[in-house]
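Per the UniProt record's numbering, the sequence shown starts with residue 1, numbered consecutively.
Where is the CB? At the ideal position from N, CA and C, for every residue including glycine.
Here the structure is a predicted model, which is why all the values come from computation and not from measurement.
This report refers to the structure that appears directly beneath it.
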Amino acid sequence: MGPGKRAPYLEEAWISARAVDVVTEEARCLGAGETPLGLCLWEARGPRALVIMSVLDALWEDRDIRFDVSSQQMKTRPGEVLIDCLDSIEDTKGNNGDRGRLLVTNLRIIWHSLAISRINLSVGYNCILNITTRTANSKLRGQTEALYILTKCNNTRFEFIFTNLVPGSPRLFTSVIAVHRAYETSKMYRDFKLRSALIQNKQLRLLPQEHVYDKISGVWNLSSDQGNLGTFFITNVRIVWHANMNDSFNVSIPYLQIRSIKIRDSKFGLALVIESSQQSGGYVLGFKIDPLEKLQESVKEINSLHKVYSANPIFGVDYEMEEKCPQYSNSRSLLRQYVLCPFLFTCASAIPLMEYFEYHTHMSALCLALDFWFLPQSMLSSHSPLKL
C-alpha cells in the first residue's frame, strides 16, 4: 500500500487493523500528521491487532437512504426510538396512489406500503438537505399540501414527496420537521468536535442526559514536543479534553465515534491512545495520564462506559409528541367530521334556536361519551382530564 493511504476497514464485528504506534523520534511521532488545530494524527503502523468496531461503523440508519429494505432493517436498532406513526400517508412521487404508513424515529423516517410491505424506503436525517411544504398532485386526494424532502446520499440527490390522506391533519408536517430539527441541534452527542464551546468557567457544559463520571487534572495532550497540559472529562456520552491555558483548545470524542482505546508507549512514556471511527476522519489522539495506576483505571472505566453505551446508545434526539394516541385522535376527528357534524347541522336547521342550545348540550355529552369509548385501556386507567 502506498504512502499516505489507509488500510480499508472490513464490515465485521471484529476486524483486523494495523496497531497504533505512538513511539516518537525526531518528528514528534512516527508518521504523524497535524490537524489545523495542532492535534496529532498518528498513521497506523506496526503489527496487526484486533480492534473493536465502533458503534458508528455499524450505524447506517441516520446516514443512508435505502429502498425496499428487509423487515429486519426496518426494525429499530438499539438506541433508536419510534416517535410517531402516521397511517394513510402516500409516497406521492415514488408510489402515487398507494396508501402507506410513515414511521418517524429519532434517526430516520420509514415509509412502507400497506398493501405490499416490501415496497418501502428509509431516509436518514443526516441525508436531508431541506424540508418544505408545497402543493402536490395526489391520485388519492388531488391537489393538496404535501411534504417535500430534498436529500443527498453518496453524491446522488433524491426528492421525496409525502401526502397525508387524512384531511385537515398537520401532523405529517409537524412531526417530521420538528424531529429533524431536534436531530440537527444535537450533533454534539454524535460528532467528533474540535475547538467547540465545551467549557464554561473551567467546567464542562453538560448535555441533557449527560453525567460526569470522572474529572482528571494534569492530563497531557501529546500534540507537540512538550505536550499541552489540560483537564480530562469522562462522561456517559463522550470523552472531553481541554487545555488549561486556553479553554477553546479542546476536543470532544463521543463514544459513538470511538474505534479503539489502548495503552501504548511513546517518548513521554505509556499513554492513552484513542482512535476515532473512519467516518469521523480516523483521528488517533494520545493523552498522558499519571500515575500509571490512574492511567490503567481510566482506560478500564472508559472501556466499561463504552461497552454500556454500545449496548444502548444515546443519540441525543429528544422529542416527545404532544398527542399520545394518534389512532385515537384520527378516529375521533373522522367521526366528528363525517358523522356528528353533518347530523348536528341537519337537526339544528329544523329546530328553534332555544331548543338548539339544549340539543347542542346533549350532543356535546355524546361527543364526550364517544371520546371515552375510543380511549385505549391504558388511558382509561389514568386520572388525566379528557380534552375535546
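Round the Cβ separation of V176 and I109 to the nearest angstrom and send it over; I've been treating them as touching at under 8 Å. With a Cβ gap of about 6 Å, V176 and I109 count as contacting.
Whose CA, out of G269, S223 and I302, lies closest to the CA of R259? Looking at the Cα atoms, I302 is the closest of the given residues.
Applying the 10 Å Cβ sphere with the 16-neighbour rule, what's the burial state of D225? D225 comes out exposed.
Quick one: measure Cβ to Cβ for G316 and L207, integer angstroms, because I've assumed they're closer than 8 Å. Their Cβ separation, rounded to whole angstroms, is 7 Å, which keeps G316 and L207 in contact under 8 Å.
Which residues in the same chain have their Cβ closer than 6 Å to the Cβ of A311, if we skip the five residues on either side of it in sequence? Counting only Cβ-Cβ distances below 6 Å, and skipping sequence neighbours, we find nothing.
What residue from M245, Y148, S88 and L295 has the CA that sits closest to G269's CA? Its Cα nearest to that of G269, the residue L295 stands out among M245, Y148, S88 and L295.
Distance, V237 Cα to R99 Cα: A straight-line Cα-Cα distance of about 40 Å links R99 and V237.
Reference Y184; option with closest CA among P313, D62 and D91: Inspection of the sequence shows that residue 184 is occupied by Glu rather than by Tyr. Checking every option, the nearest Cα to that of E184 belongs to D62.
Quick check: the stretch 76-85 against the stretch 210-218, are at least 3 beta-carbon pairs closer than 8 Å? Counting Cβ pairs under 8 Å, fewer than three are found: no touch.
CA nearest to the CA of W111, picked from N154, I161, S138 and G142: It is I161 whose Cα lies nearest to the Cα of W111.
Quick one, are the C-beta atoms of S113 and V69 less than 8 Å apart? Taking a C-beta distance under 8 Å as the contact criterion, S113 and V69 do not qualify as a contact pair.
In angstroms with no decimal places, state the Cα-to-Cα distance between L194 and N95. Computed Cα separation, rounded: 43 Å.
Note down the Cα distance separating G142 from A136, rounded to an integer number of angstroms. If you take the alpha carbons of G142 and A136, they lie about 8 Å apart.
Collapsed DSSP secondary structure at P47 in the structure displayed: Unreliable placement is indicated for P47, whose pLDDT of 33 sits below 50; no coordinate value is reported for it.
Among H242, A178 and G282, nearest to K202 - alpha-carbon criterion: Among H242, A178 and G282, the Cα nearest to that of K202 is on H242.
Contacts around R118, its chain only, beta-carbon distance under 7 Å, and the 5 residues preceding and following it disregarded: D68.
Rounded C-beta distance between L198 and N250? I'm assuming under 8 Å. Sure, about 5 Å apart at Cβ, within 8 Å.
If you reduce the DSSP assignment to three classes, tell me which class L165 lands in. Per DSSP, reduced to three states, the secondary structure at L165 is coil, with no helix or strand assignment.
Since I believe V308 is in contact with I263 (beta carbons under 8 Å), could you give me their beta-carbon distance rounded to a whole number of angstroms? Not quite, the Cβ-Cβ distance comes to about 21 Å (not below 8 Å), so this is no contact.
Roughly how many angstroms separate the alpha carbons of F173 and I261, rounded to a whole number? Near 42 Å, if we compare the C-alpha coordinates of I261 and F173.
Rounded Cβ spacing between A182 and D64 (contact assumed at less than 8 Å): About 19 Å separates the beta carbon of A182 from that of D64, a gap too long to meet the 8 Å contact definition.
Counting along the chain, where does the beta strand (DSSP E) carrying Q143 start and finish? Q143 -> beta strand (DSSP E) spans G142 to C153.
If L150 sits next to E159, beta carbons under 8 Å apart, how far is it from one beta carbon to the other, in whole angstroms? About 6 Å separates the CB atoms of L150 and E159; that is less than 8 Å, so the two are in contact.
Where do the N-terminal and C-terminal ends of the beta strand (DSSP E) with H242 fall, by residue? Taken as a continuous stretch (DSSP letters only), the beta strand (DSSP E) holding H242 covers R238 to A243.
Do the CB positions of P254 and Y148 come within less than 8 Å of each other? Contact flag unset, no.
Bounding residues of the beta strand (DSSP E) (the contiguous stretch that carries I65): From DSSP, the beta strand (DSSP E) with I65 extends over I65 to F67.
Output the residue ranges of the beta strand (DSSP E) runs that lie fully inside the UniProt domain "BBSome complex member BBS5 PH" (210-264) and measure 3 residues or longer, sorted by chain position. Taking only runs of at least 3 residues, the beta strand (DSSP E) segments lying wholly in the UniProt domain "BBSome complex member BBS5 PH" (210-264) are 212-221, 228-235, 238-243 and 250-254.
Compute the distance between the beta-carbons of E90 and S169, then report whether it is under 8 Å. Cβ distance not < 8 Å, so E90 and S169 don't count as in contact.
Which of the three DSSP states, helix, strand or coil, is assigned to N130? Of the three classes helix, strand and coil, the one that applies to N130 here is strand, per DSSP.
Close-in-space but distant-in-sequence residues of the same chain around A76 (CB under 7 Å, 5 per side omitted): Per the sequence shown, the amino acid found at residue 76 is Thr instead of Ala. For T76, where only same-chain residues beyond five positions count, the Cβ hits under 7 Å are L82 and T105.
Should T133 be labelled buried (16 or more other beta-carbon atoms within 10 Å of its own) or exposed? Around the beta carbon of T133, a 10 Å sphere encloses fewer than 16 other beta carbons of the protein chains shown; the residue is thus reported as exposed.
L272: which of P291, S196, D191 and G281 sits nearest, CA to CA? Per the Cα distances, P291.
Backbone CA spacing between S304 and E297 [nearest angstrom]: Distance between the alpha carbons of S304 and E297: 11 Å.
Whether F192 touches G281 by CB criterion (8 Å): Yes, these two residues count as a Cβ contact at 8 Å.
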